[in-house]
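Q:
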Amino acid sequence: MNLLIEWPWLIPAGAAVVGMLFYMVAKPTLWIGSFLIALPYFLTDVSKGISPTEVAGAALFTGGIAAWMVKRIFADPRPLVQDWLDFLLLLFIVLTFANGLVAALNGIPLLGWAVDWSYFLLMLYCFPMRELFGKDENGLKQFLTMSGVSAILMALYSSYLFKQRISENLIYAYQIMGSRSILLGPIFLLALSIAIVFVFHVRWKGKIFLSIVILTNLVGLLLTFTRTLWVFLFACVGLAMLFLKFRQSLKIATTAVLLASCTIGVFSIAYPRLTKIGVRMVTQRFSTATQLSGGDWSFETRLIEVRNAWRKVKQAPLGGHGLRARFVTWAPIEQWHNTTAFVHIGYVGLIHKLGFPTAFLLFVVIVGYSIRAFRLALRARHPSAPALARALAIGVFAFQPALYVNIFMAGFFDQRYGNVMFAFIFASIAIADRFIRHSRTEHNLRSIQ
Numbered sequence: 013m014n015l016l017i018e019w020p021w022l023i024p025a026g027a028a029v030v031g032m033l034f035y036m037v038a039k040p041t042l043w044i045g046s047f048l049i050a051l052p053y054f055l056t057d058v059s060k061g062i063s064p065t066e067v068a069g070a071a072l073f074t075g076g077i078a079a080w081m082v083k084r085i086f087a088d089p090r091p092l093v094q095d096w097l098d099f100l101l102l103l104f105i106v107l108t109f110a111n112g113l114v115a116a117l118n119g120i121p122l123l124g125w126a127v128d129w130s131y132f133l134l135m136l137y138c139f140p141m142r143e144l145f146g147k148d149e150n151g152l153k154q155f156l157t158m159s160g161v162s163a164i165l166m167a168l169y170s171s172y173l174f175k176q177r178i179s180e181n182l183i184y185a186y187q188i189m190g191s192r193s194i195l196l197g198p199i200f201l202l203a204l205s206i207a208i209v210f211v212f213h214v215r216w217k218g219k220i221f222l223s224i225v226i227l228t229n230l231v232g233l234l235l236t237f238t239r240t241l242w243v244f245l246f247a248c249v250g251l252a253m254l255f256l257k258f259r260q261s262l263k264i265a266t267t268a269v270l271l272a273s274c275t276i277g278v279f280s281i282a283y284p285r286l287t288k289i290g291v292r293m294v295t296q297r298f299s300t301a302t303q304l305s306g307g308d309w310s311f312e313t314r315l316i317e318v319r320n321a322w323r324k325v326k327q328a329p330l331g332g333h334g335l336r337a338r339f340v341t342w343a344p345i346e347q348w349h350n351t352t353a354f355v356h357i358g359y360v361g362l363i364h365k366l367g368f369p370t371a372f373l374l375f376v377v378i379v380g381y382s383i384r385a386f387r388l389a390l391r392a393r394h395p396s397a398p399a400l401a402r403a404l405a406i407g408v409f410a411f412q413p414a415l416y417v418n419i420f421m422a423g424f425f426d427q428r429y430g431n432v433m434f435a436f437i438f439a440s441i442a443i444a445d446r447f448i449r450h451s452r453t454e455h456n457l458r459s460i461q
């Protein structure tokens, strides 16, 4: 009752959301499209407390996937689980729900626990994505187009937020770091890894669209001022080049050099002061990376943080302490002790909250999909592999090393964008695998005949 008094809009908003859920479950393609287009705001709408838009977004998107799963399981005779990775993922979701009891015993508010648990549901979007868009080439094109539009919007929105922050009286270089937007950086890197490969597998209209995807996400990635992501852009593209033809790899290298030279030249002429500050900031970011103690405060913060979190893990290694469980750590940048529920090294953070057995399930799923992605990238080199599926397989595999490093550096598991990325990666691997297997089978049959 108090909640309704404080938020009187909940009743009409709830009715509208329920109506939309029914419609979107009946029209799942529209639902997934709405989800992808709304991601720029849904993933960045993070504030203290719970905002009205967060309530609406959670009800629409986490409620939507829950409704689709119920409908899919009870109204469709086809088996939902296709392999052991599907089974382990669903088992993980079920076991994490039981973590609510652990959280309650540790005095964690139920609402806060439920919000964090709902993020895991976002991984389940891999099921409708692969079923809706993995049937034929038109469905795959729809999926890739909507994903590309979503990536463009996220990059533009992130750049807009950076511009808004930096326009507030920029005087000193450190204000650039304070204005950067790092939240969606891994998504920009994933988009670039896939789009760069796709350029060589589509016609000229697709190349124009992909050029927009690449340029906007490249700007978004640069504005994160995150050296790990910068380095892994070269690593991911380099890995993808191993699966491309020599001429294609040469074009990538040549284009990268020309683009970098032209960009620096244009900005040096148009914004000489800002370019000078930016170059200095980039140099400083890489120089501090060699100073693991006393110089790179960011890395030292992670080491102190993970040591304190690991002490808590030892106290409850099997069941964890519950989602949103807090612990005390020392922050060397601010020079104070604070309590936090976030652990930058995501592997330890997940174990701290869920315990070893449950966390291990998700680790197995991620590793399993990475092995599948590697095998798929090898099979994609066969001449029978469809162009779009080949590009998707290579691009997703190229991102895999960056995925593990990003989990190490930025949590991932208790972030909306992290779980959405898992859903996209899992679905992409499953879709590409289906297309390549089908084409390989047809090729073998034709060879026999």
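Read in order, the letters of the sequence shown correspond to residues 13 to 461 in my numbering.
We treat Cβ as the ideally placed atom computed from N, Cα and C, and that holds for glycine.
Going by C-alpha distance, which of Thr236, Ile441 and Leu117 is nearest Ala328?
A: Measuring from the Cα of Ala328, the nearest candidate turns out to be Leu117.
Q: Nearest CA to the CA of Ala439: which residue from Leu271, Ile378 and Ala78?
A: That would be Ile378, whose Cα lies nearest to the Cα of Ala439.
Q: Entirely within the segment 65 to 98 and at least 4 residues each: give me those alpha helix (DSSP H) ranges in chain order.
A: Whole alpha helix (DSSP H) segments, 4+ residues: 75 to 87.
Q: Measure the C-alpha to C-alpha separation of Glu241 and Arg458 and round it to an integer number of angstroms.
A: Here residue 241 turns out to be Leu, not Glu, going by the sequence shown. Cα-Cα distance, rounded: 45 Å.
Q: With DSSP as the reference, please indicate the residues paired to Thr352 in a beta bridge.
A: DSSP lists Phe339 as partners of Thr352.
Q: Straight-line CA distance for Ile460 to Thr453?
A: Roughly 11 Å between the two C-alpha positions.
Q: In this structure, does DSSP put Asp445 in helix, strand or coil?
A: Three-state result, Asp445: helix.
Q: Assign Phe258 to buried or exposed, taking buried as 16 or more other Cβ atoms, counted over all protein chains shown, within 10 Å of its Cβ.
A: Exposed is the call here.
Q: What do you reckon, are the CB atoms on Met166 and Ile199 nearer than 9 Å?
A: Contact: yes.
Q: Start and end of the alpha helix (DSSP H) containing Gln427?
A: Counting along the chain, Gln427 falls outside any alpha helix (DSSP H), and DSSP gives it neither H nor E.
Q: Specify the secondary structure class of Asp128 as computed by DSSP and reduced to three states.
A: Helix at Asp128.
Q: List the whole-angstrom C-beta distance separating Ala442 from Arg142, where the pair is believed to meet the contact cut-off of C-beta under 8 Å.
A: Rounded, the Cβ-Cβ distance is 4 Å, consistent with contact.
Q: Alpha carbon to alpha carbon, how far is Lys83 from Val127? Give it in angstroms, no decimals.
A: Approximately 23 Å, taken between the alpha carbons.
Q: Enumerated in chain order, which unbroken segments of the alpha helix (DSSP H) with a length of 4 residues or greater are wholly contained in the segment 237 to 266?
A: Qualifying alpha helix (DSSP H) stretches, in chain order: 239 to 253.
Q: Does the contact criterion of 3 or more C-beta pairs under 8 Å hold for the segment 223 to 239 versus the segment 364 to 381?
A: No, the segment 223 to 239 is not in contact with the segment 364 to 381.
Q: How would you call Leu152, buried or exposed, if buried means at least 16 neighbouring beta carbons within 10 angstroms?
A: Under this definition Leu152 is a buried residue.
Q: Looking at the structure shown, is Pro198 part of a helix, part of a strand, or coil, going by DSSP?
A: Helix at Pro198.
Q: Tell me whether Ser230 is buried or exposed, calling it buried when 16 or more other Cβ atoms sit within 10 Å of its Cβ.
A: Checking the displayed sequence, the identity of residue 230 turns out to be Leu instead of Ser. So Leu230 counts as buried.
Q: Among the residues of its own chain, which have a CB less than 6 Å from the CB of Pro52, if the five just before and after it don't count?
A: Around Pro52: Leu165, Met166 and Tyr169.
Q: What are the start and end residues of each continuous alpha helix (DSSP H) run of 4 or more residues lying completely inside the segment 359 to 394, in chain order?
A: Correct list: 368 to 391.
Q: Of all the alpha helix (DSSP H) runs that stay within the bounds of the segment 129 to 153, which reach a length of 4 or more residues?
A: List check, alpha helix (DSSP H) in window: 138 to 145.
Q: Give the secondary structure of Ile357 by DSSP, where H, G and I count as helix, E and B as strand, and everything else as coil.
A: Ile357: coil per DSSP, three-state reduction.
Q: Spatial neighbours of Val161 within its chain, please: C-beta separation below 8 Å, excluding the five flanking residues on both sides.
A: For Val161, where only same-chain residues beyond five positions count, the Cβ hits under 8 Å are Leu48 and Ile49.
Q: Straight-line CA distance for Glu317 to Lys324?
A: Rounded to whole angstroms, Glu317 to Lys324 spans 11 Å at the Cα level.
Q: Quick check on Gln303: does DSSP put it in helix, strand or coil?
A: The predicted model places Gln303 with a pLDDT of 48, which falls under 50 and marks its position as unreliable; any figure quoted below should be read in that light. Reduced to three states, the DSSP call for Gln303 is coil.
Q: For Phe246, count the other beta carbons within 10 Å of its own beta carbon; 16 or more makes it buried, fewer makes it exposed. Which is it?
A: It is exposed - the Cβ of Phe246 has fewer than 16 other Cβ atoms within 10 Å.
Q: Cα separation between Asn456 and Gly430?
A: Answer to the nearest angstrom: the Cα atoms are 39 Å apart.
Q: I'd like to know whether the C-beta atoms of Thr56 and Leu173 end up nearer to each other than 9 Å.
A: In contact: Thr56 and Leu173 (Cβ atoms closer than 9 Å).
Q: In chain order, what residues of the same chain have a beta carbon less than 7 Å from the beta carbon of Trp322, not counting five sequence neighbours either side?
A: If we look at Trp322 and ignore the five residues flanking it on each side, its Cβ neighbours are Val360.
Q: Check whether the Cβ of Trp242 lies closer than 8 Å to any heavy atom of the ligand GDP, and answer yes or no.
A: The model depicted lacks the ligand GDP and carries no ligand whatsoever.
Q: Pull up the CB-CB distance for Ile208 and Val243, whole angstroms please, since I reckon it's below 8 Å.
A: That belief does not hold up - the Cβ atoms of Ile208 and Val243 are roughly 16 Å apart, past 8 Å.
Q: Can you tell me which of the three DSSP states Asn229 falls into?
A: Asn229 falls in the helix class under three-state DSSP.
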